[in-house]
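Peer 1: The sequence shown runs -20 to -1, 1 to 949 under mature numbering (1 follows the signal peptide of the UniProt record, and there is no 0).
Here it is: the structure, laid out below.
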Amino acid sequence: MGGILSCCLAEALCCAGTGAVQCLCCSIPCKTSTSSRLLYTVQFIIAIALAWALSHWGHVLASHSSSALTDSCGEACFDYLAVYRVSLSLVIYHGALCFLTIGVKSSDDPRGTIQNGLWPIKFLVWFGTLVGMFFIPASALLNYWIGAIVFAAIFILLQSVILVDFGWTWSASWVTSYEATSSPIYKFLLFAFTLLAYGGVITATVLLSIFYATNHGCGLNAFFIAFNLVLCLAVTLLAILPRVQTANPRSGIFPAAVLSAYATYLVASALASEPNIAGGFACAPSEPLMDSNNNSTAAPQDGLSRALVYVGLAITFLALGYSAMSAGSVSLWSRVDDSSPTMMTAGGGDGRDEVDGTVYSYAFFHLVFALAAMYMAAVITNWTALKAVDTATTTSAAPDYSVDRGMASTWVKVATSWACFAVYGWTLVAPLLFPNRDFDRQTPQQKIITTMLSLRAFATPLRASLAAQPRRGLATATVPPVVPNKKGLIRRYGGKVVLGLVATGTGVFAYEVYNARHPPQQFEWDHSKKTIAILGSGWAAASMLKELDTAHYNVVVVSPRNYFLFTPLLPSTTVGTVELRSIMMPMRYITRFKKRAIAFVEGVCNEIDVQNKTLLVEDNSEIVGEVSKQSIPYDYLVVACGAENATFGIPGVTQFACFLKEAWDAKKIRTRLMDCMETAAFAGQTESEMERLLHMVVVGGGPTGVEYAAELYDFLQEDLASWYPELAPKIKITLVEALPHVLPSFSKELIDYTEKHFAEAKMKILSNTMVKEVKQKELVVQNPQKQIESIPYGLLVWATGNTARPVVAQLIKSLNPALQNQRRGLVVDDFLKVKGADDIWGLGDASATKWAPTAQVASKQGVYLANVFNTLGNIRADSRRILAEGQDPEVIAAQSVKPFDYEHLGALAYIGSDKAIADLPGNVHIGGALTFWFWRSAYLNNLFSLRNRVLVAFDWGKKSLFGRDISRE
């Protein structure tokens, strides 16, 4: 090592001479491969240190920069842009070296000089690239974070490969030393470090469970922690199985311990990087620490985040440094040929240690460093889009060490930790499944592929001493001669494994189905507790009920329908793509699984008495009993009854149009659609009447209107064309929109894509067209030229506008008009409390907020309010202890409740022909056939129950096999 450092230092001093010519002349390479890797590692550390500094003080440089560098977001995001520029310079630098060194097999190759020499020139090239990055406009770099996150996940996998290889090499070295010297110190070190790794896993699991999984609503965190522990136990048991150790001499408990510790770190980092959910109820420690003077300091989560960042940086530099300094034995990029290259010491011969060939893959070496550059950029810049940067944070003079926040970070680290377990588990069992395959001899071309698919990625070749004297223990296993079975393990056990997996999956499914049909016993009503009344059974109400801890409250739900309706798939039910009951979930499927019994009342709330805190509810069913009206008292009221369709005072809408908001609307549309088809097919029908009956008009260019038009088009092309061949060519679909374009909430690119697709499908869009009157057989509109014209129609679907329901309108009138000045819904404050009323909250479409009236907003509001009530209930239940400690429960409650904060997750829409569009955070706009499958998977995942997911998936499969039903009823 001394010779290596001396060589590198000598070259650096040489370049400090009196001119560039002298520098170039002195650029004789340090001919050892290890010194080259050391210099690349040092260069990488310098670049990352520069990126870290710019992430905190880059805005100072921005104040002296041209506007071209900050034209997209100003100085506020220049810090993060500076990190992107440094990272991109490294990516370009190592990418170019990767390309130039592809296929180099000998250091005598002229391109070998590029790898091991010309250091002054390479440093100047990288520095020039870095400077050039700062002349790229900011708008060209805003989406760099997307690629950084994607490739960061790949690097995390590679980092786990390096660490496991490090663990095996370390343990093998100790075992070799122990057998050579019989010194117990090596045996002690092996046991001690193994116990230390597993002790860290257990300790971290306990602490994470206490701090991140005890609050209500933190079930996902609890799953992450528990599942990680299960995987740690699984790979440990797998690594020490006798059959695994017999077939795989590199298996052992210490590499499994290293991987378990690393995966646990990833999970801890993921939980620490979780953002606060709506309302500030983070599943993380929030109480501040106290110093010796009883002064408040940083919260535990901030300290943990800071520590985890340091640990993450240390692990990254350790992994890269170990791989760079292992003199070609590193399995990640070492070369495995039929004949190993001759190794020489750095001081012997001509100073080279690569005589017969290279000892590692130059190209793959630089590829890993390029991935590492993007990984570090993702870490330093919060794993978030630039638009999410907190200006106050990025422009602060004090360093902000909480640099790994955001749900993207959480999911990347959790998912890649699972992938690390999967890949490592595969490397353990691969020799069992493929006994005739030699995992220790691979071509360079196979190396990159088998990095993720074979044992070779996790273990270096056996040292000569290990091969000469096999052993079995913590690090290695005895390797008796293996007689290959001619039949093969797959043929012998493949069917049994598949059968076992099917049986296990069937058992889990049966268990879930059984639980869903057998609700547990519940607490009875406790009249000493407060009563929460919830109006509605839509997104906000259902989401709140699912998260609400009813142990602290009595709950009564009032709704005119006894089910929750998954409205995003409602357009699909109008043509039979999905059956209506598949997207309906009875409310009692929720209420019967709560701790305390919930009273559900199917009826319409006609009046809210704010003064007396009572609800006047009337039974609206066809069968009415002796008691059809009831007054229901409440302590807290949640108005989540949604909104109804707005007609804007246009004559004839209510009488002749079909709305698309409720289940009965979908039934009406489906019946009327088939009525039009059969009436048009009636014997002797005139051509003009057939043309009218087969003209389907949709008013409203929002997601609902566009999706219904798309479903109708699919119905026409895939089913009606087969069963009504004489009528199908005459069917026309027209979309009427008062605005210049459809889907105004989506990006311009997706709007253009949708309109182009509609034009290709011959679905007509009448933009800038206002409806003036609806008649029984024609629609009166004002075209863009301000002219009045009539449009004959057979079916008219009204899918635009919301207005307050009667009970909400009555409540608005009963409150202070100065505070309640919105006709579309209740005006609420930042905590969703109705202004001018005590103990009343407004959610979803029943409220008038700055957010769009979507299911996503309503759902998050419901979860937020449930967390508010859960927090208040916990404080109230613990009030005696709080008072005994000399604190005021009311003050603690006020400090615990944070304002509602909405984080938009994107918008989806189906546009027909198995195509969809997605407007996602981070300025990501995608559309097409692949997006259609993303749209389906997202909706399937968001369904409230396993029953609904199975039914909807079955409906999609049934439609693909048998087509849609064309029956009238």
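Glycine is no exception: its CB is placed at the ideal position from the N, C-alpha and C atoms.
Quick one: what's Lys744 bridged to in DSSP?
Peer 2: Thr714
Peer 1: Using only the alpha-carbon positions, how far apart do Leu528 and Val761 sit?
Peer 2: 48 Å
Peer 1: If you run the structure through DSSP and keep just helix, strand and coil, what is Asn592?
Peer 2: coil
Peer 1: Does the distance from the CB of Leu218 to the CB of Leu408 come in under 8 Å?
Peer 2: yes
Peer 1: Give me the Cα-Cα distance between Phe942 and Lys895, rounded to the nearest whole angstrom.
Peer 2: Pairing Phe942 with Lys895, the inter-Cα distance amounts to about 21 Å.
Peer 1: Consult DSSP for Asp907 and reduce its assignment to one of helix, strand or coil.
Peer 2: Contrary to the premise, residue 907 reads as Gly rather than Asp in this sequence. Correct three-state label for Gly907: strand.
Peer 1: For the region 644 to 653 and the region 604 to 611, state whether three or more C-beta atom pairs, one from each stretch, are separated by less than 8 Å.
Peer 2: no
Peer 1: Name the two residues that bound the continuous alpha helix (DSSP H) containing Gly937.
Peer 2: Leu926 to Phe942
Peer 1: For Pro268, name the three-state secondary structure that DSSP assigns.
Peer 2: Any reading at Pro268 needs caution, since the residue's pLDDT is 42, under 50, leaving its predicted position unreliable; the model's value is listed next. If DSSP states are grouped into helix, strand and coil, Pro268 belongs with coil.
Peer 1: Tyr614 by DSSP, collapsed to three states: which one?
Peer 2: Note: Tyr614 maps to coil in three-state DSSP.
Peer 1: What residues in its chain sit with their C-beta under 6 Å from that of Trp900, if we drop five residues either side in the sequence?
Peer 2: Sequence check: residue 900 is Leu here, not Trp. Answer for Leu900: Gly886, listed in chain order.
Peer 1: Looking at C-beta atoms only, is the number of pairs between the region 652 to 670 and the region 843 to 853 that lie closer than 8 Å three or more?
Peer 2: Taking 8 Å as the limit for Cβ pairs, the verdict is that the region 843 to 853 does not touch the region 652 to 670.
Peer 1: Between the Cα of Glu669 and those of Ala243, Ala643 and Ile771, spot the shortest distance and give me the residue it belongs to.
Peer 2: Ile771
Peer 1: Taking contact to mean 3 or more Cβ pairs, one atom from each stretch, closer than 8 Å, check whether the region 557 to 574 and the region 537 to 545 are in contact.
Peer 2: yes
Peer 1: So Ser247 and Phe204 are supposed to be a Cβ contact under 8 Å. How far apart are they, rounded?
Peer 2: The amino acid occupying residue 247 in the given sequence is Val; Ser does not appear at that position. Between Phe204 and Val247 the Cβ distance is about 6 Å, and since that is below 8 Å, they are a contact.
Peer 1: Quick test of the definition: if touching needs 3 or more C-beta pairs under 8 Å, does the region 783 to 799 touch the region 620 to 633?
Peer 2: yes
Peer 1: Drop a sphere of 10 angstroms on the beta-carbon of Pro235, count the other beta-carbons inside from all chains shown, and report buried for 16 or more, exposed for fewer.
Peer 2: Burial call: buried.
Peer 1: Going straight from the alpha carbon of Leu187 to that of Thr244, what length do you get?
Peer 2: 12 Å
Peer 1: Out of Trp703, Phe628, Tyr158 and Tyr693, point me to the one whose CA is closest to Ser947's CA.
Peer 2: Trp703
Peer 1: Are Tyr688 and Val678 close, meaning C-beta to C-beta below 8 Å?
Peer 2: yes
Peer 1: Assuming residue 950 and Leu852 form a contact by the criterion Cβ under 8 Å, report the distance between their Cβ atoms to the nearest whole angstrom.
Peer 2: Since the first residue of the chain shown is -20 and the last is 949, residue 950 is not available in this structure.
Peer 1: Would you kindly work out how many angstroms separate the C-alpha atoms of Leu479 and Phe914, rounded to a whole number?
Peer 2: 30 Å
Peer 1: Indicate the three-state DSSP secondary structure (helix, strand or coil) for Phe103 in the structure shown.
Peer 2: helix
Peer 1: Going by alpha carbons, who is nearest to Leu251 out of Trp391, Lys755 and Lys757?
Peer 2: Trp391
Peer 1: Under a three-way DSSP split, which group does Phe344 fall into?
Peer 2: helix
Peer 1: Between Ala817 and Val590, how many whole angstroms is the CB-CB distance? I'm expecting something under 8 Å.
Peer 2: 6 Å
Peer 1: Taking its Cβ as the centre, do 16 or more other Cβ atoms sit within 10 Å of Glu717, making it buried, or is it exposed?
Peer 2: buried
Peer 1: Which two residues bound the contiguous beta strand (DSSP E) that contains Met564?
Peer 2: Met564 to Pro566
Peer 1: Which residue marks the beginning of the alpha helix (DSSP H) containing Tyr844, and which one marks its end?
Peer 2: Ala835 to Ala857
Peer 1: Please report how far the alpha carbon of Ile165 lies from the alpha carbon of Tyr158, in whole angstroms.
Peer 2: Rounded to the nearest whole angstrom, the C-alpha separation of Ile165 and Tyr158 is 8 Å.
Peer 1: If Leu775 sits next to Met676, beta carbons under 8 Å apart, how far is it from one beta carbon to the other, in whole angstroms?
Peer 2: About 5 Å; that satisfies the 8 Å criterion.
Peer 1: Is it a yes or a no for the region 554 to 563 touching the region 595 to 605, going by three-plus beta-carbon pairs under 8 Å?
Peer 2: No: the two stretches stay apart, fewer than three of their Cβ pairs being nearer than 8 Å.
Peer 1: For Gln762, write down the residues that DSSP places opposite it in a beta bridge.
Peer 2: Met750 and Ile768
Peer 1: DSSP three-state label for Asp899, please.
Peer 2: strand
Peer 1: Alpha carbon to alpha carbon, how far is Met750 from Lys742?
Peer 2: So the alpha carbons of these two residues sit roughly 21 Å apart.
Peer 1: Could you pull the DSSP bridge partners for Arg576 from this structure?
Peer 2: Phe503
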